[in-house]
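Okay, structure first, notes after.
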Amino acid sequence: MEELLICLAKNLVNQPEAVSVAVSTKEDGTTLYELRVAEGEMGRVIGRQGRIAKAIRSVMKAAAAKTGERIQVDIVG
Numbered sequence: 004m005e006e007l008l009i010c011l012a013k014n015l016v017n018q019p020e021a022v023s024v025a026v027s028t029k030e031d032g033t034t035l036y037e038l039r040v041a042e043g044e045m046g047r048v049i050g051r052q053g054r055i056a057k058a059i060r061s062v063m064k065a066a067a068a069k070t071g072e073r074i075q076v077d078i079v080g
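First residue of the sequence shown: 4, per the working numbering; consecutive thereafter.
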């Protein structure tokens with residue numbers, strides 16, 4: 004799952020070396036993925052009216068549904 008998120012993000016930004024993901028588990032068992040990108044790349048990852056961010060979250064939730072996992076994706080600058 005982490006590799007999928009990194010792959011999606013690296014293809015959107017101009018500085019792919021600045022992309023990183025931190026993974027943690029919340030108290031309710033949900034896996035939290037924190038996507039970090041360079042400060043100037045936030046707009047590319049979020050998109051107009053959050054469309055790209057919503058698409059990233061949808062793809063990740065679909066992949067997690069196959070394994071029965073509950074996830075949350077946060078984008079951090």
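Where is the CB? At the ideal position from N, CA and C, for every residue including glycine.
| Asked | Found |
| --- | --- |
| Residue environment, residue 5, which counts as buried when at least 16 other CB atoms sit within 10 Å | exposed |
| For residue 69 and residue 10, the rounded distance between their alpha carbons | 19 Å |
| For residue 63, the nearest candidate out of 17, 39, 76, 23 (CA to CA) | 76 |
| Whether residue 78 touches residue 49 by CB criterion (8 Å) | yes |
| Proximal residues to residue 33 (C-beta, below 6 Å), its chain only, five neighbours per side dropped | 73, 75 |
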